[in-house]
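Residue 1607 in the working numbering sits at position 313 of the sequence shown; the count goes up by one each step and never skips. One structure is given below, encoded as structure tokens.
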Amino acid sequence: MGRFAKLKVILPLVWPLAALFLIGVLLLWERQGVGISEEQDGQAASAVTQRTAAVQAQKDTLVIVDGSDEISELLYSDMELVLQDMRVGFDVADIAQLDAASLSGYDKMVLCITDLDLFGERIEQVLAWVKSGGCMMNTATYDVSMNLTVTSGKMGILEGGDAYVAIDGFEVADGFMIGGDGRAFHYEDEYWSNLNVLLDERCMVYVRALDSGLPLLWECGYGDGKFVVLNQTLTGKAGRGFLAGGYALMDEVSVYPVINASAFYLDDFPSPVPAGNGEYIQKEYGMDISNFYANVWWKDILGWEEQYGILHTGLIIEDYSDLVEAPFVRTDSVERFLFFGNMLQNQGGELGFHGYNHMPLCLEGFDYKGLYDGYNLWKTPEEMAASLTELHAFSSQLFPECNFQVYVPPSNILSDEGRETLLQTLPDLRAIASTYLPGDCAYVQEFGVSEDGIVETPRITSGAIMDDHMYLIAFSELNFHFVQSHFIHPDDVLDEDRGAALGWSAMKANLDAYLQYIYSSAPMIRNVTGSGMADAVEDFDLLTLDRKKTPEGLSFEIGGFSGKASFLVRVQEGSVIGSANGAAVQKVNGNLYLLEASSSHVDIILEQSPAEGGVQ
1295 MGRFAKLKVI LPLVWPLAAL FLIGVLLLWE RQGVGISEEQ DGQAASAVTQ
1345 RTAAVQAQKD TLVIVDGSDE ISELLYSDME LVLQDMRVGF DVADIAQLDA
1395 ASLSGYDKMV LCITDLDLFG ERIEQVLAWV KSGGCMMNTA TYDVSMNLTV
1445 TSGKMGILEG GDAYVAIDGF EVADGFMIGG DGRAFHYEDE YWSNLNVLLD
1495 ERCMVYVRAL DSGLPLLWEC GYGDGKFVVL NQTLTGKAGR GFLAGGYALM
1545 DEVSVYPVIN ASAFYLDDFP SPVPAGNGEY IQKEYGMDIS NFYANVWWKD
1595 ILGWEEQYGI LHTGLIIEDY SDLVEAPFVR TDSVERFLFF GNMLQNQGGE
1645 LGFHGYNHMP LCLEGFDYKG LYDGYNLWKT PEEMAASLTE LHAFSSQLFP
1695 ECNFQVYVPP SNILSDEGRE TLLQTLPDLR AIASTYLPGD CAYVQEFGVS
1745 EDGIVETPRI TSGAIMDDHM YLIAFSELNF HFVQSHFIHP DDVLDEDRGA
1795 ALGWSAMKAN LDAYLQYIYS SAPMIRNVTG SGMADAVEDF DLLTLDRKKT
1845 PEGLSFEIGG FSGKASFLVR VQEGSVIGSA NGAAVQKVNG NLYLLEASSS
1895 HVDIILEQSP AEGGVQ
């Protein structure tokens, strides 16, 4: 295998449907608009927000690429987004044109190359630059090369660096990253992408391989500068937390904006309840699907809300027909829609749209790649619009006080034409919440605001199986964007591919473990609805940052500031944040802090503390 293998109690609901309808109506009357409380006011669609003028980040970082190499392009595509979202000012230089003068004026260098021999004799100039106070970081395991031999001792390598070994996971030094303490992270496969090295004791090691303890991320001082070394190649979205963490090690105090939000989505909820019995539900609980949802599943959802403060966002499906042509018949059985929809909002949650039915908004000719042949394709945008109009009319009749601001594509599939139809048809649409991870036919998103004003709010994890990769990507995003976004379906318990054979007790235990992980790792993260996530992402997306080192620590100006902004701050070993003018600070983990700015100008004042060191 090549080295670059890529890697929440309610009373039992046993009443007849007429009672459900009565309760739903009473709840609707009782709520009097409780769907948006004073605390959640920021999650409503708001008027134009006043923001400070944009500021310009100083370009103190030089990114080295090799324009002729596909691997370098891949590494740069990852690092570019990380630096942009961290609001780092940087320039890019191709290794072929790099000379000594190119390093002048930069404090930090990030290598999106793996072969140090590409520097040739210029490696001596690079080493002199580091020794005089520069900081150099790589983004993937170095190639075995002559220049690595020349450089390795200065990077803290005592022995090795001439062969690769396999690893199948890693552990993180306590206090280094959010959600890393005492946890082992496993890869789905074994990867030969790590140099077998023994390090000098002066190195601070932050990440090690499981079992072998092989160093995977460390820093090593050299003269007045330092090296930050990544001894693993982890590309894609799962690696962004490491890139952000590594880059933050290069400053005495590092600060970057984050989203600071945790959202949970209930796809296909409320929706028509399947009739009859589910095999695994009947086996485990001895009840039909309808009673299971009311007496077991919904009770557990409410329990999580009570325990963790979760605000669920339910995504309405009006009908499970396969209609893609008008007329779209109005669903007349509304008792459960009213009961569950009003109960969800009474708990502080929110309703959004999933679709009239579960047919993704894709026109004839769209290629499902043989994976979704049971889905019908729409003939025209007008038919798609008609279905959305019916969905909006139906939902507005049941929940007249709601602004339906969030749309989730069925199966996370959405065509360009479908997206345009959404914008033209749904008057209150602010956010689309599809998926963060790539997948066949998927509408894949990054966090941000698109040119047409729609806020892209991808869901990061899903389901109730929660495998190793789910935890890895959740861990990465806690450390990169300080964000968590998860979705489940009520009918997960009916689908073997989504864990039904495990039984709901086991599925619930998996979700319990995941929630415990998130809220023990980041207890201060903000719980939001889907529109609240849109607000958080919009605030994040519009921020700019200008940092300045000071004798006391760091000061920075915030552009695009609306009165609230969240940042992660990392300080070096031996330092703590003594105070922060213009902000409130709380410790997240080790040397990592969450800073909530209340002013567009913030001063961070450092104090000395005993150095705890990394894992040695």
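From the three backbone atoms N, C-alpha and C, an ideal C-beta is built for every residue, glycine too. Since the structure is predicted, the reported quantities are computational estimates derived from the model, not experimental observations.
Cβ-based neighbour list, residue i, same chain, cut-off 8 Å, excluding 5 preceding and 5 following
| i | result |
| --- | --- |
| M1818 | Q1880, V1882, L1888 |
Helix, strand or coil at residue i according to DSSP, with G and I counted as helix
| i | result |
| --- | --- |
| D1276 | Since the first residue of the chain shown is 1295 and the last is 1910, residue 1276 is not available in this structure. |
| P1784 | helix |
| V1628 | coil |
| H1686 | helix |
| M1653 | coil |
| R1416 | helix |
| H1763 | helix |
| M1678 | helix |
| F1769 | helix |
| G1427 | coil |
| A1557 | strand |
| Y1925 | An answer regarding residue 1925 cannot be provided, because it is not within the stretch 1295 to 1910 covered by the chain. |
| S1814 | helix |
| D1806 | helix |
| R1820 | coil |
| L1320 | Confidence in L1320 is poor, its pLDDT being 43 and thus under 50, which makes the residue's placement too unreliable to answer from. |
| V1376 | helix |
| I1358 | strand |
| L1671 | coil |
| D1385 | strand |
| R1345 | coil |
| S1779 | strand |
| I1852 | strand |
Beta-carbon spacing of residue i, residue j below 8 Å
| i | j | result |
| --- | --- | --- |
| S1770 | R1534 | yes |
| F1647 | L1609 | yes |
| Y1550 | M1430 | no |
| G1469 | G1868 | no |
| S1607 | A1557 | Reading off the sequence, residue 1607 comes out as Thr, not Ser. Closer than 8 Å, so yes. |
| L1508 | V1459 | yes |
| T1715 | P1675 | yes |
| S1744 | T1343 | no |
| I1461 | A1503 | yes |
| L1717 | D1746 | yes |
| G1427 | G1519 | yes |
| T1838 | A1348 | yes |
| Y1602 | H1652 | no |
| G1572 | L1796 | no |
| F1861 | V1552 | yes |
| A1912 | V1702 | Residue 1912 falls outside the range modelled here, since the chain spans only 1295 to 1910, and no answer is possible. |
| S1815 | L1772 | yes |
| E1711 | L1657 | yes |
Same chain, Cβ closer than 7 Å to residue i, five either side skipped, listed in chain order
| i | result |
| --- | --- |
| D1594 | K1802 |
| L1421 | T1445, K1448 |
| S1799 | E1578 |
| V1590 | Y1579, W1798 |
| S1903 | G1868, S1869, V1870 |
| V1382 | A1351, T1355 |
| L1537 | D1372, M1373, V1376, T1433 |
| D1833 | S1856, K1858, A1859 |
| P1564 | G1608, I1610, R1630, F1631, F1634, G1635 |
Own chain residues within Cβ distance below 6 Å of residue i, not counting five before or after
| i | result |
| --- | --- |
| D1734 | K1663, L1665 |
| G1450 | L1493, D1494, C1497, C1514 |
| N1490 | G1454, A1457, V1459 |
| Y1481 | D1462, G1463 |
| L1500 | Just to set this straight, residue 1500 is Tyr in the shown sequence, not Leu. The residues are A1467, F1470, L1511, G1908. |
| L1543 | E1513, V1522 |
| Y1730 | P1752, I1754 |
Tell me, please, whether the stretch 1515-1531 touches the stretch 1756-1763 by the rule of three or more beta-carbon pairs shorter than 8 Å. no
For the 8 Å Cβ check, are there 3 or more pairs between the stretch 1868-1875 and the stretch 1892-1905? yes
Three or more C-beta pairs under 8 Å: does that hold for the stretch 1639-1647 against the stretch 1683-1700? yes
Can you confirm whether the stretch 1771-1782 touches the stretch 1426-1435 when touching is taken to mean that 3 or more C-beta pairs between the two stretches lie within less than 8 Å? no
Please give the ranges of any beta strand (DSSP E) in the stretch 1434-1517, keeping only runs that are unbroken, at least 3 residues long and fully inside the region. 1451-1466, 1478-1493, 1498-1503, 1509-1516
Enumerated in chain order, which unbroken segments of the beta strand (DSSP E) with a length of 3 residues or greater are wholly contained in the stretch 1563-1651? 1606-1611, 1644-1649
Check whether the stretch 1524-1532 touches the stretch 1818-1830, taking contact to mean three or more Cβ pairs, one atom from each stretch, closer than 8 Å. no
Please give the ranges of any alpha helix (DSSP H) in the stretch 1690-1746, keeping only runs that are unbroken, at least 4 residues long and fully inside the region. 1710-1719
Could you pull out every unbroken beta strand (DSSP E) segment of at least 3 residues lying fully inside the stretch 1871-1902, listed in chain order? 1877-1883, 1886-1891, 1895-1902
Within the chosen definition, does the stretch 1851-1862 reach the stretch 1831-1843 through at least 3 CB pairs nearer than 8 Å? yes
Would you call the stretch 1351-1363 in contact with the stretch 1395-1408, where contact means no fewer than 3 C-beta pairs closer than 8 Å? yes
Which whole runs of the alpha helix (DSSP H) in the stretch 1531-1556 are 4 residues long or more, in chain order? 1534-1542
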